[in-house]
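Peer 1: Can you keep this structure in mind? I'll have questions shortly.
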Amino acid sequence: MTAPDPFLPQPWRVERRRRELIGAVTLELAPLAGARPDFAPGQFNMLYVFGVGEVAISLSGDAERGTTFVHTLRNVGAVSGALTALQVGASVGVRGPFGRGWPLAEAEGADVLLVAGGLGLAPLRPALYAILARRERYGRVVIMVGSRSPEDILYRRELEHWRRRPDLEVLLTVDHADADWRGHVGVVPALIPHAGLDPAETLALVCGPEVMMRFTANALLAAGIRPERIHLSMERNMKCAVGQCGHCQFGPFFVCKDGPVLRYDRIGTILAVPEI
Amino acid sequence: MDALPTTTTAAVLDRDGLQALIEALAARGFRVLGPLVRDEAIVYDEIAGVADLPAGWTDRQGPGQYRLERRDDQALFGFAAAPQSWKRFLHPPVETLWRVRQGEGGLLFSTAAEATPRYAFLGVRACDLHAIAIQDRVLCEGDYRDDAYARRRRGAFIVALNCSEAGDTCFCVSMGSGPKAAGAFDLALTELLDERRHEFLVEVGSAAGGEVLASLPQRAALDADRAAAAAVVERTAGRMGRQLDTAGLQALLQDNPEHPRWDEVAERCLSCANCTMVCPTCFCTTVEDHSDLAGGSAERVRLWDSCFTLDFSYIHGGSVRQTDKGRYRQWMTHKLSTWFDQFGSSGCVGCGRCITWCPVGIDITEEAAAIRATPHVQGGSHGES
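For the protein sequence lines, the chains are D and R, in the order given. Sequential numbering from 1 applies to the first sequence in UniProt numbering. Sequential numbering from 1 applies to the second sequence in UniProt numbering.
Laid out in structure tokens, this is it:
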């Protein structure tokens with residue numbers, strides 16, 4: 001049996017492009033041939049822009065609906081800049097999906113807390129879609145989102161929509177409020193002590209900048225949530241996405257194949273050490 | 001490689017027999033690579049016969065030091081690990097992965113698969129044999145396989161070499177990887193050289209090896225020949241220039257990421273990446289995308305990379321490992337510790353190349369011993385999974 005070459009991208013096409021925030025867009029990609037492969041919430045793809053390069057981007061669409069790959073990304077470098085500049089009809093290379101995603105089966109029966117910092121909401125959104133598709137299998141579902149300012153809140157209309165659902169609690173906080181802001185002000189870990197979480201029942205899914213995840217994990221531990229029930233989506237440099245280029249090593253883990261979602265009890269010690 | 005025969009057969013070749021071996025491999029379509037002297041070093045490259053081998057040469061190695069010297073005999077393999085390993089043939093420093101063209105309907109990707117070279121490696125030492133097995137685990141035995149590597153590997157004919165010399169930076173005995181080649185070869189040579197003879201005991205490790213050996217002028221191996229070969233290996237094992245205490249090393253290094261020794265070694269380390277380039281197990285690569293001037297086509301090229309470069313760990317906002325301390329710690333901890341978590345073995349085979357080729361002579365055995373001498377355990381678990 002010959003496995004497909006894991007290094008060879010497949011040609012996909014930009015079907016839709018939506019501007020989300022300053023410098024951030026959502027691209028919907030459709031395959032030029034064949035169907036969209038299955039993916040699990042929390043997995044990522046390697047997206048290639050002709051002549052520029054390739055970068056790892058989380059999947060942020062619904063894993064159970066649609067025929068496209070949805071990616072929300074920000075312009076933070078040459079490749080992501082070229083990706084955010086792509087227009088409808090443009091051709092891109094796609095490899096993936098790769099990695100281990102959120103532990104949604106393990107979360108069944110539990111209260112689920114999703115904590116997002118900034119664009120970290122993008123990799124969490126497929127988890128939320130999956131939970132809402134089988135809402136009855138989960139206990140309380142709380143989503144906390146921290147953003148720099150009200151204009152920086154990702155998926156804001158969708159969050160407003162979710163906020164109106166009786167079976168979902170949405171807590172938003174911003175670092176810097178404006179005159180119209182009526183919500184919380186401050187960093188996202190500060191929301192945790194006031195959420196009335198039942199620590200024995202709660203499983204936490206966290207994605208955001210590493211420093212935000214470190215503080216969030218500490219706040220979750222302080223709230224009594226066990227380390228093995230805290231899951232973080234890590235980010236490291238990646239070239240191959242299949243555990244062979246070495247770049248994404250994080251202590252004993254390859255973020256690309258052991259992660260990107262890693263359990264806190266396994267990474268807490270090294271997360272606290274600079275430059276691991 | 002095909003299955004090992006149940007009994008090891010052996011024969012004895014003289015120099016003419018060794019010449020016949022090289023010719024027999026070439027006649028079977030292999031590109032025969034072996035040691036030769038070039039640029040004042042032993043390098044591995046294409047050889048046509050015994051005359052190309054480094055007869056009468058040895059090397060003097062030490063931390064940051066490598067010199068070729070004349071021997072007082074005509075030994076063909078009387079030196080220790082050469083600067084390059086066989087990695088450069090199986091996992092080449094530069095390799096085109098794929099090409100892409102801008103087509104009418106979109107991008108057209110195609111693999112850059114080239115004809116797989118069929119290599120015969122002459123003189124693969126036990127440490128390097130272990131290193132090849134380690135790279136097999138990294139590149140072939142996970143969920144994803146590097147097919148081009150796997151094809152080169154499968155096609156290779158390996159003539160191993162049981163070492164008759166140990167260098168000052170060798171420590172394969174500590175790593176359990178030498179100096180005797182254990183399996184995973186087609187043929188294995190031991191050089192038998194004294195006033196009375198210059199011969200090679202040849203052991204068979206595969207059916208392909210047996211077939212080649214059967215075609216060569218030889219004489220049957222006597223018990224005395226086997227005993228002489230065993231004595232060569234035993235003498236080499238007793239002459240290791242270095243040793244490394246590996247007991248508990250996996251936990252020791254992961255438990256000591258803030259040991260002051262990392263700061264101390266960082267004062268000496270130049271982050272030059274030499275150790276990773278000469279290491280026979282270091283597998284890290286990066287990729288470059290090259291496009292033509294007209295912008296109609298591009299290709300993706302994979303190159304050896306090193307965890308000692310700042311770019312290696314770059315993510316938006318800056319590199320994860322900004323300091324020499326962070327980078328040296330990553331390299332050594334990976335090599336001696338986290339490699340076990342990832343691939344079930346040490347990433348070090350004790351070849352000593354990283355010591356010899358470090359321009360400031362940093363010695364991995366000395367660094368590990370220093371941390372062992374004064375462990376500063378911070379507590380907590382170490383990457384159990």
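For glycine and all other residues, C-beta sits at the position ideal for the given N, C-alpha and C. As the structure is a prediction and not an experimental result, all values here were calculated from the model.
How far does the beta strand (DSSP E) with residue 395 of chain R in it reach, from first residue to last?
Peer 2: Given a span of 1 to 385 for chain R in the structure shown, any question on residue 395 of chain R remains unanswerable.
Peer 1: Quick check: the region 207–216 of chain R against the region 185–197 of chain R, are there 3 or more CB pairs under 8 Å?
Peer 2: Judged by Cβ distances under 8 Å, the region 207–216 of chain R makes contact with the region 185–197 of chain R, as three or more pairs qualify.
Peer 1: Step through the CB atoms of chain R and report whether any lies within less than 7 Å of the CB of residue 6 of chain D.
Peer 2: Indexing the first sequence from 1 puts residue 6 of chain D at position 6. Yes, its Cβ sits closer than 7 Å to a Cβ of chain R.
Peer 1: So with CB distances below 7 Å, who are the chain D contacts of residue 315 of chain R?
Peer 2: In the second sequence, counting from the first residue as 1, residue 315 of chain R sits at position 315. Result: 235, 236 and 237.
Peer 1: With distance defined between alpha-carbon atoms, name the residue in D:147, D:71, D:62 and D:124 nearest to residue 176 of chain D.
Peer 2: Taking the first sequence and counting its residues from 1, the one referred to as residue 176 of chain D is at position 176. That would be D:147, whose Cα lies nearest to the Cα of residue 176 of chain D.
Peer 1: Going along chain D, which residues have a C-beta under 7 Å from residue 334 of chain R?
Peer 2: Numbered from its first residue, the second sequence carries residue 334 of chain R at position 334. Ordered by position in chain D, the residues that pass the 7 Å Cβ test against residue 334 of chain R are 249.
Peer 1: Determine the burial state of residue 216 of chain D: buried for a count of at least 16 other Cβ atoms within 10 Å of its Cβ, exposed for fewer.
Peer 2: The sequence position of residue 216 of chain D within the first sequence is 216, counting from 1. With 16 or more other Cβ atoms within 10 Å, it is buried.
Peer 1: Report all residues from its chain with a CB closer than 6 Å to the CB of residue 279 of chain D; omit the five preceding and five following residues, and keep chain order.
Peer 2: For chain D, the structure presents residues 1 to 276; residue 279 of chain D sits outside this window and is missing.
Peer 1: What number of angstroms, rounded off, separates the C-alpha of residue 383 of chain R from the C-alpha of residue 226 of chain D?
Peer 2: Locating residue 383 of chain R in the second sequence gives position 383, counting from the first residue. Locating residue 226 of chain D in the first sequence gives position 226, counting from the first residue. Because residue 383 of chain R carries a pLDDT of 39, less than 50, the predicted location of this residue cannot be relied on, and no value is offered for it.
Peer 1: Could you tell me the alpha carbon to alpha carbon distance between residue 109 of chain R and residue 135 of chain R, rounded to whole angstroms?
Peer 2: Position 109 of the second sequence, counted from the start, is the residue given in the question as residue 109 of chain R. Position 135 of the second sequence, counted from the start, is the residue given in the question as residue 135 of chain R. Near 28 Å, if we compare the C-alpha coordinates of residue 135 of chain R and residue 109 of chain R.
Peer 1: How many angstroms separate the CA atom of residue 385 of chain R from the CA atom of residue 231 of chain D?
Peer 2: As a first step, residue 385 of chain R must be located in the second sequence, where it is residue number 385. As a first step, residue 231 of chain D must be located in the first sequence, where it is residue number 231. In this prediction, residue 385 of chain R has a pLDDT of 34, which is less than 50 and means its spatial position is unreliable; what the coordinates show is noted afterwards. Computed Cα separation, rounded: 14 Å.
Peer 1: Can you find a CB in chain R that lies within less than 7 Å of the CB of residue 256 of chain D?
Peer 2: Here the question's residue 256 of chain D lines up with position 256 in the first sequence. Not closer than 7 Å to any Cβ of chain R, the Cβ of residue 256 of chain D fails to qualify, so no.
Peer 1: Which chain R residues are close to residue 275 of chain D, counting only those with a beta carbon under 7 Å from its beta carbon?
Peer 2: Here residue 275 of chain D is taken as the residue at index 275 of the first sequence, counted from 1. Neighbours of residue 275 of chain D on chain R, chain order: 320, 321, 322, 323 and 326.
Peer 1: Output, in sequence order along the chain, the residues in the region 267–293 of chain R whose CB is closer than 7 Å to any CB in chain D.
Peer 2: Listed by position, the residues of the region 267–293 of chain R near chain D (Cβ gap below 7 Å) are 283, 284, 285, 286, 287, 289 and 291.
Peer 1: Can you tell me which of D:269, D:223 and D:11 puts its alpha carbon nearest to the alpha carbon of residue 104 of chain R?
Peer 2: Taking the second sequence and counting its residues from 1, one reaches residue 104 of chain R at position 104. Comparing Cα positions, the closest option is D:11.
Peer 1: How big is the Cα-Cα spacing for residue 245 of chain R and residue 24 of chain R?
Peer 2: Taking the first residue of the second sequence as position 1, residue 245 of chain R is located at position 245. Taking the first residue of the second sequence as position 1, residue 24 of chain R is located at position 24. Rounded to the nearest angstrom, the two C-alpha atoms are 43 Å apart.
Peer 1: Residues in its own chain within less than 8 Å of residue 200 of chain R by CB, not counting five upstream and five downstream?
Peer 2: Sequence index remark: in the second sequence, residue 200 of chain R carries index 200 (1-based). Taken in chain order, the residues that qualify are 12, 13, 14, 17, 18, 189, 190, 191 and 192.
Peer 1: Thinking residue 140 of chain D and residue 180 of chain D are a contact (beta carbons under 8 Å), I'd like their distance in whole angstroms, please.
Peer 2: Your numbering for residue 140 of chain D matches position 140 in the first sequence. Your numbering for residue 180 of chain D matches position 180 in the first sequence. Not confirmed; about 29 Å, so no contact.
Peer 1: I want to see whether chain R comes within less than 7 Å of residue 76 of chain D, judged by CB atoms only; does it?
Peer 2: Residue mapping note: residue 76 of chain D aligns to position 76 of the first sequence, counting from 1. Yes, because at least one Cβ of chain R sits closer than 7 Å to the Cβ of residue 76 of chain D.
Peer 1: What's the C-alpha gap between residue 182 of chain R and residue 6 of chain D?
Peer 2: Numbered from its first residue, the second sequence carries residue 182 of chain R at position 182. Numbered from its first residue, the first sequence carries residue 6 of chain D at position 6. Taking the straight line from one Cα to the other gives about 33 Å.
Peer 1: Suppose contacts are defined by Cβ-Cβ distances below 7 Å. Is residue 39 of chain D in contact with residue 8 of chain D by that definition?
Peer 2: Here residue 39 of chain D is taken as the residue at index 39 of the first sequence, counted from 1. Here residue 8 of chain D is taken as the residue at index 8 of the first sequence, counted from 1. No, Cβ-Cβ distance for residue 39 of chain D and residue 8 of chain D is not below 7 Å.
Peer 1: Chain R beta carbons: is any one of them nearer than 7 Å to that of residue 88 of chain D?
Peer 2: One-based indexing of the first sequence puts residue 88 of chain D at position 88. Chain R, which has no Cβ nearer than 7 Å to the Cβ of residue 88 of chain D, makes this no.
Peer 1: Applying the 10 Å Cβ sphere with the 16-neighbour rule, what's the burial state of residue 164 of chain R?
Peer 2: As a first step, residue 164 of chain R is located in the second sequence; it is residue number 164 there, counting from the start. Buried.
Peer 1: With 9 Å as the C-beta to C-beta threshold (strictly closer), list the residues of the region 110–129 of chain D near chain R in chain order.
Peer 2: Taking 9 Å as the Cβ-Cβ cut-off against chain R, none of the residues of the region 110–129 of chain D qualify.
Peer 1: Hey, residue 278 of chain R and residue 131 of chain R: beta-carbon distance below 7 Å or not?
Peer 2: By one-based count along the second sequence, residue 278 of chain R stands at place 278. By one-based count along the second sequence, residue 131 of chain R stands at place 131. No, the Cβ-Cβ distance between residue 278 of chain R and residue 131 of chain R is not below 7 Å.
Peer 1: Give the residues of chain D in contact with residue 309 of chain R, contact being defined as C-beta atoms less than 7 Å apart.
Peer 2: Within the second sequence, residue 309 of chain R is the residue found at index 309, counting from 1. The contacting residues do not exist; residue 309 of chain R stays about 10 Å from chain D at best.
Peer 1: First and last residue of the alpha helix (DSSP H) that includes residue 240 of chain R?
Peer 2: In the second sequence, residue 240 of chain R corresponds to position 240, counting from 1. Looking at the DSSP string, residue 240 of chain R is not in any alpha helix (DSSP H), and its letter there is neither H nor E.
Peer 1: Mind pulling the chain R residues with CB within less than 7 Å of residue 13 of chain D?
Peer 2: The residue you call residue 13 of chain D lines up with position 13 of the first sequence. Result: 106.
Peer 1: Counting only beta-carbon separations shorter than 7 Å, does residue 261 of chain D have a partner in chain R?
Peer 2: Counting from one through the first sequence, the residue named residue 261 of chain D turns up at place 261. No, residue 261 of chain D does not count as interfacial toward chain R.
Peer 1: DSSP state of residue 274 of chain R, grouped into three classes?
Peer 2: As a first step, residue 274 of chain R must be located in the second sequence, where it is residue number 274. Helix.
Peer 1: Starting from residue 46 of chain D, follow its DSSP beta bridges and name the residues at the other end.
Peer 2: If you number the first sequence from 1, residue 46 of chain D lands on position 46. Residue 46 of chain D is bridged to D:56 and D:95.
Peer 1: Does residue 262 of chain R have its Cβ less than 7 Å from a Cβ in chain D?
Peer 2: Taking the first residue of the second sequence as position 1, residue 262 of chain R is located at position 262. No, because no Cβ of chain D sits closer than 7 Å to the Cβ of residue 262 of chain R.
Peer 1: On a Cα-Cα basis, can you pick out the residue from R:369, R:354 and R:373 that is closest to residue 62 of chain R?
Peer 2: In the second sequence, residue 62 of chain R corresponds to position 62, counting from 1. Of the listed residues, the one whose Cα sits closest to residue 62 of chain R is R:354.
Peer 1: Count the C-beta pairs between the region 300–314 of chain R and the region 266–284 of chain R that are closer than 8 Å, then say yes if the count reaches three, no if not.
Peer 2: Counting Cβ pairs under 8 Å, three or more are found: they touch.
Peer 1: Examine chain D for any beta-carbon lying closer than 7 Å to the beta-carbon of residue 298 of chain R, and answer yes or no.
Peer 2: Residue numbering aside, residue 298 of chain R sits at position 298 when the second sequence is read from its first letter. It does; some Cβ of chain D falls within 7 Å.
Peer 1: Return helix, strand or coil for residue 144 of chain D, following the three-state DSSP convention.
Peer 2: The residue given as residue 144 of chain D occupies position 144 in the first sequence. Strand, per DSSP.
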